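Novice: Quick one: structure below, then a few questions.
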Amino acid sequence: MAEPRTRIDFTDPDVYVHGIPQEEFADARAHAPVCWVPQERGSAGFDDDGYWAVTRHADVMTVSRDSDTFSSREKTAIVRFGADMTQDRLEMQRYILLNMDPPQHTQHRAIVSRGFTPRAVTSLRAALQERAAQIVSSAADAGDFVNEIACELPLQAIAELLGVPQEDRHDVFNWSNAMIGQDDPEFSDGSDPIEPATSLLGYAMTMAEDRKTCPRDDIVTTLVNAEIGGEHLSSDEFGFFVLMLAVAGNETTRNAISHGMLAFMEHPEQWELYRSTRPRTAVDEVVRWGSPINAFQRTAKHDTVLNGQSIRAGQRVAMFYGSANYDENVFTDPHTFDITRSPNPHLGFGGSGAHFCLGANLARLEIDLIFNAIADQMPGITLAGSPARLRSGWINGIKHLPVRYR
Ligand code: HEM
2 MAEPRTRIDF TDPDVYVHGI PQEEFADARA HAPVCWVPQE RGSAGFDDDG YWAVTRHADV
62 MTVSRDSDTF SSREKTAIVR FGADMTQDRL EMQRYILLNM DPPQHTQHRA IVSRGFTPRA
122 VTSLRAALQE RAAQIVSSAA DAGDFVNEIA CELPLQAIAE LLGVPQEDRH DVFNWSNAMI
182 GQDDPEFSDG SDPIEPATSL LGYAMTMAED RKTCPRDDIV TTLVNAEIGG EHLSSDEFGF
242 FVLMLAVAGN ETTRNAISHG MLAFMEHPEQ WELYRSTRPR TAVDEVVRWG SPINAFQRTA
302 KHDTVLNGQS IRAGQRVAMF YGSANYDENV FTDPHTFDIT RSPNPHLGFG GSGAHFCLGA
362 NLARLEIDLI FNAIADQMPG ITLAGSPARL RSGWINGIKH LPVRYR
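In full-length UniProt numbering, the protein residues as written are 2 to 407.
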């Protein structure tokens with residue numbers, strides 16, 4: 002039988018110009034749920050000729066759970082780099098937790114996981130609630146919701162946890178934006194994307210030096226003191242840990258909040274319902290609806306079969322969360338934004354495997370607090386222009402969202 006193929010590259014930024022390509026994903030789910038996407042060698046930063054696109058919920062779960070078959074390390078979990086990705090740079094990616102396999106992954110994740118448990122995150126609640134109220138109250142009558150509201154709480158929260166002082170937080174924010182926005186001319190001037198990464202890594206090293214003499218109650222100090230098998234983390238391991246947390250903490254929750262606000266403004270009856278009942282189910286519907294990360298990928302460690310499709314050792318397999326989260330076999334009326342949806346087994350935070358989002362509890366708390374603050378202080382918030390989408394095949398982002406707050 003011929004291999005199911007698609008001519009759409011679901012990692013191509015141009016495919017997301019109008020948002021998640023719902024029709025194309027629905028077609029793939031129905032007719033070619035595990036389909037081969039040819040790519041020109043090197044065009045996505047990988048020295049191979051394509052990847053398998055996995056679009057159904059059940060198959061994304063299978064891949065994400067099975068790290069014995071599907072490696073995050075071999076060709077990295079990230080679906081697309083610039084065509085200028087060199088072998089050296091791919092090697093550097095291996096210092097990032099996302100791109101590790103067990104047992105290395107288990108050891109590294111354990112260093113920080115205690116800081117992100119439901120209990121640890123609950124202890125941040127009062128401070129973040131106050132911060133959310135301040136962020137919302139400082140907005141004028143109208144403005145850009147993304148820059149003025151959606152960005153702020155995730156930035157302040159991750160910066161606080163890492164131990165980044167207030168005066169440096171916007172530098173960290175800008176470096177993180179430049180790394181993630183490398184396909185978007187607004188955030189990248191076409192210069193080498195390694196530059197903001199180098200700046201952030203350099204900044205992390207100065208923090209490490211400081212904590213060696215002045216330890217604090219923050220993640221940087223935890224990482225500086227951490228040992229695996231009696232050895233401290235190398236400077237690369239340390240730097241990339243900080244970089245990943247800064248980027249992951251900043252770039253994702255912001256988009257969940259922006260997509261959620263847009264969905265509320267486009268579905269005023271859901272906003273009304275939210276304001277009057279504040280259902281706890283709203284947060285997960287916001288994450289499902291927005292699906293802030295389009296995809297992560299794995300590499301088959303050995304020949305295998307997924308949903309009847311043969312996959313050869315060494316081939317890449319990309320899991321499209323934005324498709325799985327609208328899978329009609331799992332979600333009733335998936336294209337309805339329903340903040341009372343329950344159950345809501347969305348895969349916005351990844352499947353259920355070892356790499357399940359470390360920050361999911363924190364992200365849920367941030368989303369909950371910011372929408373509560375908006376509902377308290379800006380009940381009449383309305384859209385005042387067209388949203389501008391981030392040009393990216395990886396992050397499903399909104400970069401500007403003009404609104405009238407009051
Ligand atoms: C992993 C999504 C917020 C930190 C992941 C993964 C997804 C995801 C899909 C899985 C990666 C994989 O399977 O390879 C999201 C979304 C968020 C969010 C949609 C917001 C709504 C956060 C926050 C943090 C964070 C606030 C804060 C530190 C991480 C880390 C990993 C991760 C460290 C890697 C875990 C590992 O490899 O073991 N996230 N994330 N995320 N996320 Fe999140």
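Glycine residues also receive a C-beta, built at the ideal position from the N, C-alpha and C atoms. On a predicted model such as this, the values are computed, not experimentally measured, just so you know.
Express the C-alpha separation of Thr12 and Phe302 in angstroms, rounding to a whole number.
Specialist: Here residue 302 refers to the residue found at position 301 of the sequence shown. Here residue 12 refers to the residue found at position 11 of the sequence shown. Before going further, note that residue 302 is Lys rather than Phe in the sequence given. Looking at the backbone, the Cα of Lys302 and that of Thr12 are separated by about 22 Å.
Novice: Could you check if His356 is buried or exposed, using at least 16 other CB atoms within 10 Å of its CB as the buried criterion?
Specialist: For the purposes of this step, residue 356 is identified with residue 355 of the sequence shown, where counting begins at 1. Classification of His356: buried, given that the 10 Å Cβ count is 16 or more.
Novice: Between the beta-carbon of Asn397 and the beta-carbon of Tyr17, is there less than 9 Å?
Specialist: On the sequence shown, position 396 is the one that residue 397 refers to. On the sequence shown, position 16 is the one that residue 17 refers to. In this structure, Tyr17 lies closer than 9 Å to Asn397 by Cβ.
Novice: By the DSSP assignment, the beta strand (DSSP E) with Ala143 in it spans what residues?
Specialist: Here residue 143 refers to the residue found at position 142 of the sequence shown. Ala143 -> beta strand (DSSP E) spans Ala143 to Asp145.
Novice: If you pair each beta-carbon of the segment 47-62 with each one of the segment 24-32, do three or more pairs fall below 8 Å?
Specialist: yes
Novice: With burial defined as no fewer than 16 other Cβ atoms inside 10 Å of the residue's Cβ, what is the status of Met2: buried or exposed?
Specialist: Position 1 of the sequence shown, counted from the start, is the residue given in the question as residue 2. Since pLDDT at Met2 reaches only 47, below the 50 mark, its modelled position is unreliable, and the value read off the structure follows with that caveat. By the neighbour-count rule (16 or more Cβ atoms within 10 Å), Met2 is not buried but exposed.
Novice: Applying the 10 Å Cβ sphere with the 16-neighbour rule, what's the burial state of Asn251?
Specialist: In the sequence shown, residue 251 corresponds to position 250, counting from 1. It is buried - the Cβ of Asn251 has at least 16 other Cβ atoms within 10 Å.
Novice: Using C-beta distances below 7 Å, list every residue in its chain close to Glu187, excluding the 5 sequence neighbours before and after it, in chain order.
Specialist: Position 186 of the sequence shown, counted from the first residue, corresponds to residue 187. Contacts found: Lys400.
Novice: Does the ligand HEM have a heavy atom nearer than 8 Å to the CB of Ile21?
Specialist: Along the sequence shown, one-based indexing puts residue 21 at 20. Checking every heavy atom of the ligand HEM against the Cβ of Ile21, none is found closer than 8 Å.
Novice: By the DSSP assignment, the alpha helix (DSSP H) with Ser324 in it spans what residues?
Specialist: Stepping through the sequence shown from its first residue, residue 324 is reached at position 323. Run containing Ser324: Tyr322 to Ala325, per the alpha helix (DSSP H) assignment.
Novice: Got a sec? Which residues, its chain only, sit under 7 Å from Thr341 by beta carbon, not counting five neighbours each side?
Specialist: What you label residue 341 is simply residue 340 of the sequence shown in a count that begins at 1. So the list reads Pro280 and Thr282, once near-sequence residues are dropped.
Novice: Could you check the C-alpha separation between Val306 and Arg313 for me, to the nearest Å?
Specialist: Along the sequence shown, read from residue 1 onward, the residue named residue 306 stands at position 305. Along the sequence shown, read from residue 1 onward, the residue named residue 313 stands at position 312. About 9 Å.
Novice: Considering only residues of the segment 16-104, which uninterrupted alpha helix (DSSP H) runs meet the minimum length of 4 residues and lie entirely inside it, listed in chain order?
Specialist: 23-32, 58-66 and 88-94
Novice: For Glu187, which of helix, strand or coil comes out of DSSP?
Specialist: Indexing the sequence shown from 1 puts residue 187 at position 186. Under the three-state reduction of DSSP output, Glu187 falls in the coil class, being neither helix nor strand.
Novice: If you follow the beta strand (DSSP E) that Gln298 is part of, which residue opens it and which one closes it?
Specialist: Residue mapping note: residue 298 aligns to position 297 of the sequence shown, counting from 1. Its beta strand (DSSP E) spans residues Ala296 to Ala301.
Novice: Please name the residue in Glu267, Pro5 and Val64 whose C-alpha comes closest to that of Gly51.
Specialist: Numbered from its first residue, the sequence shown carries residue 51 at position 50. Closest by alpha carbon: Pro5.
Novice: Can you find the residues in the same chain that come closer than 8 Å, C-beta to C-beta, to Asp67, ignoring five residues on each side of it along the sequence?
Specialist: As a position in the sequence shown, residue 67 is number 66, starting the count at 1. Counting only Cβ-Cβ distances below 8 Å, and skipping sequence neighbours, we find Gly354.
Novice: Quick one: does the C-beta of Thr345 sit closer than 8 Å to a heavy atom of the ligand HEM?
Specialist: Numbered from its first residue, the sequence shown carries residue 345 at position 344. Residue identity check: residue 345 is Asn in the sequence provided, not Thr. False, no ligand heavy atom lies under 8 Å from that Cβ.
Novice: Using the three-state DSSP reduction, which class does Thr253 fall into: helix, strand or coil?
Specialist: Here the question's residue 253 lines up with position 252 in the sequence shown. Thr253: coil per DSSP, three-state reduction.
Novice: Can you find a heavy atom of the ligand HEM that lies under 8 Å from the Cβ of Thr253?
Specialist: Indexing the sequence shown from 1 puts residue 253 at position 252. Result yes, Cβ under 8 Å from the ligand HEM.
Novice: In the DSSP assignment, what residue or residues form a beta bridge with Arg317?
Specialist: Taking the first residue of the sequence shown as 1, we reach residue 317 at position 316. Its beta-bridge partners are Tyr52 and Thr300.
Novice: DSSP three-state label for Val306, please.
Specialist: By one-based count along the sequence shown, residue 306 stands at place 305. Correct three-state label for Val306: strand.
Novice: Which residues in the same chain have their Cβ closer than 8 Å to the Cβ of Ile368, if we skip the five residues on either side of it in sequence?
Specialist: Taking the sequence shown and counting its residues from 1, one reaches residue 368 at position 367. Excluding positions up to five away in sequence, the list reads Thr254, Ala257, Ile258, Gly261, Val284, Val287 and Val288.
Novice: With distance defined between alpha-carbon atoms, name the residue in Ser65, Ile9 and Ala45 nearest to Ala325.
Specialist: For this step, residue 325 is matched to residue 324 along the sequence shown. Minimum Cα distance to Ala325 is reached at Ser65.
Novice: Straight-line CA distance for residue 411 to Arg95?
Specialist: Residue 411 is absent from the model: the chain starts at 2 and stops at 407.
Novice: So what does DSSP say about Pro380, is it helix, strand or coil?
Specialist: By one-based count along the sequence shown, residue 380 stands at place 379. Correct three-state label for Pro380: coil.
Novice: Sorted by chain position, which residues of the same chain lie with C-beta nearer than 6 Å to Phe242's C-beta, five sequence neighbours on each side aside?
Specialist: Locating residue 242 in the sequence shown gives position 241, counting from the first residue. Leu224.
Novice: Tell me which residues share the same chain as Arg8 and place their Cβ nearer than 6 Å to its Cβ, disregarding the 5 neighbours each side in the sequence.
Specialist: Indexing the sequence shown from 1 puts residue 8 at position 7. For Arg8, there are no CB contacts under 6 Å within the same chain when 5 residues up- and downstream are skipped.
Novice: Would Leu154 and Arg132 qualify as a contact pair, given that the criterion is a beta-carbon distance under 9 Å?
Specialist: By 1-based counting over the sequence shown, the position of residue 154 is 153. By 1-based counting over the sequence shown, the position of residue 132 is 131. Yes.
Novice: Please report the straight-line C-alpha distance between Trp53 and Val35, rounded to a whole angstrom.
Specialist: Counting from 1 along the sequence shown, the entry for residue 53 is found at position 52. Counting from 1 along the sequence shown, the entry for residue 35 is found at position 34. Rounded to the nearest angstrom, the two C-alpha atoms are 6 Å apart.
Novice: What's the gap between the Cα of Pro335 and the Cα of Ala296?
Specialist: Counting from 1 along the sequence shown, the entry for residue 335 is found at position 334. Counting from 1 along the sequence shown, the entry for residue 296 is found at position 295. Distance between the alpha carbons of Pro335 and Ala296 is about 19 Å.
Novice: Are the segment 170-185 and the segment 195-203 touching by the rule of at least three beta carbon pairs closer than 8 Å?
Specialist: yes
Novice: Quick check on DSSP: helix, strand or coil for His233?
Specialist: Along the sequence shown, one-based indexing puts residue 233 at 232. Reduced to three states, the DSSP call for His233 is strand.
Novice: Identify every run of the beta strand (DSSP E) within the segment 109-169, keeping only runs that are complete inside it and at least 3 residues long; order them along the chain.
Specialist: 143-145
Novice: Comparing alpha-carbon positions, which option in Met379, Gly291 and Glu228 lies nearest Pro22?
Specialist: Position 21 of the sequence shown holds residue 22. The candidate whose alpha carbon is nearest that of Pro22 is Gly291.
Novice: Beta carbon of Leu363, beta carbon of Val122: below 9 Å?
Specialist: If you number the sequence shown from 1, residue 363 lands on position 362. If you number the sequence shown from 1, residue 122 lands on position 121. Yes, the Cβ-Cβ distance between Leu363 and Val122 is below 9 Å.
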